[in-house]
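Next up, the structure:
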């Protein structure tokens, strides 16, 4: 696969509890994408966090800085820990990536709010998520905030079993990468029956 196939950023979108982190870790593990997680960055920046908008925006700036470094290094990234409910956040990511010749794949993980709430309840009970404000009520708040997804957004069934959901995401990302690789290489010459080359 050409170098252009590695100059990619997968932006995982969707409700809290949709399954974005599960997919991000699969892409990190199977495709060697560098996972950039806003929740982890915020937890590192603010160990005692008040979960204010200021702290969240500071962490988002950290995401953009990490993304820029990955792009400069020519490394592929997957963005986790964000809903991308606000289109301007995606646009900021796309602009950062474009400055360094990276393309962004918006990947929407679709999930019913009721299932997303249930998953969050389980995570809260286990204490398995770094964001202390990730509560079931957040799902209800987010459902009314989403801007329309950007053009070219691909969709994953976030209600499927984890293994199936991740397999679907891997297929989608690999197909997209292969398409970018083919575009970078240009048309492939083929011979016709008369012996001329197309």
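Numbering (the working numbering), first residue to last: 12 to 209.
By construction, the Cβ of each residue, glycine as well, lies at the ideal position given by its N, Cα and C atoms.
For the pair residue 24 and residue 118, the Cα-to-Cα distance works out to about 6 Å. The three-state reading of DSSP puts residue 27 in coil, since its state is none of H, G, I, E or B. When secondary structure is reduced to three states using DSSP, residue 58 falls in the coil class, being assigned neither helix nor strand.
Per the coordinates, the alpha-carbon of residue 76 lies some 13 Å from the alpha-carbon of residue 84.
For residue 121, the three-state secondary structure derived from DSSP is strand.
If you look at residue 44, you'll find it isn't in any beta strand (DSSP E); DSSP assigns it neither H nor E.
Its chain contains 25, 29, 30, 120, 121, 122 and 176 as the residues whose beta carbon lies nearer than 7 Å to that of residue 169, once the 5 sequence neighbours on both sides are disregarded; these appear in chain order. Using a 10 angstroms sphere on the CB of residue 186, the tally of other CB atoms stays under 16, which defines it as exposed.
Counting the other CB atoms within 10 Å of its CB gives residue 182 a total below 16, which places it among the exposed residues. Here residue 78 is not near residue 135, since their CB atoms are 8 Å or more apart.
Distance from the Cα of residue 74 is smallest, within the candidate group 63, 89, 61 and 60, for 89. Rounded to the nearest whole angstrom, the CA to CA distance from residue 60 to residue 163 is 35 Å.
Residue range 147-154 is occupied by the alpha helix (DSSP H) that includes residue 149. In the three-state reduction of the DSSP assignment, residue 129 falls in the helix class.
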